[in-house]
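Trainee:
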Amino acid sequence: MMRTKLILIILSVAVLVLAALFFVSPPGLIKSGGEKKLNPRISWDDDDVRTGESVNFTLSGVPEGSNVTWTFSDISWNSGNFTMYGIRVNVVFVFSAVYRVEAVVREGEKEGRDSAEVSVKNPDEKGTFDMSIGTWERVGGVYQ
């Protein structure tokens, strides 16, 4: 009887220790199925992005020297995408559009990703045409 109680106490302590280890993870890392993932965040210089101007994109929350792949996709006109590499990249947008920016980082067995939408404006454009509803915008009393 005494032996059974001792075994139950040992098993209870073991279960509590395992439960505590399961719920505790180091800061900055997310546990997923026992594998730790990176938690990157995209940032850029200025929210007022214009065509022809240089924009610096940075991925934070990742170790220096990580393998980072950036993909910039034009979601306004669906005209394609381009890819760049590195924790920091410099981009000059040629066309005004809304771009989806995605960064994927790999560091050994760990992987993480983040995405954002960047609206790029052309200061020389007088009006806009919305293909989804087929109407012109009125600028200065003239439909353009």
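Everything in the sequence shown is counted per the working numbering, starting at 182 for the first residue and increasing by one. Even glycine gets a Cβ: it sits at the ideal position worked out from N, Cα and C. These numbers come from a predicted model, not from an experiment.
#1: State yes or no: is the C-beta of S193 within less than 8 Å of the C-beta of R222?
#2: If you check the beta carbons only, do T252 and T264 fall under 8 Å apart?
#3: Assuming the contact rule is C-beta atoms closer than 8 Å, V243 and G293 should be a hit. Round their C-beta distance to whole Å, please.
#4: Throw me the rounded Cβ distance for the V299 and Y280 pair, which I believe falls under 8 Å.
#5: From R287 to S235, what does the alpha carbon distance come to, in whole angstroms?
#6: Across which residues does DSSP place L257 in a beta bridge pair?
#7: Excluding the 5 residues flanking W258 on each side, which residues of the same chain have their C-beta closer than 7 Å to its C-beta?
Mentor: Walking through what the data contain:
#1: no
#2: yes
#3: 7 Å
#4: 5 Å
#5: 26 Å
#6: Checking the sequence, you will find Ser at residue 257 rather than Leu. In DSSP, S257 forms no bridge with anything.
#7: A278
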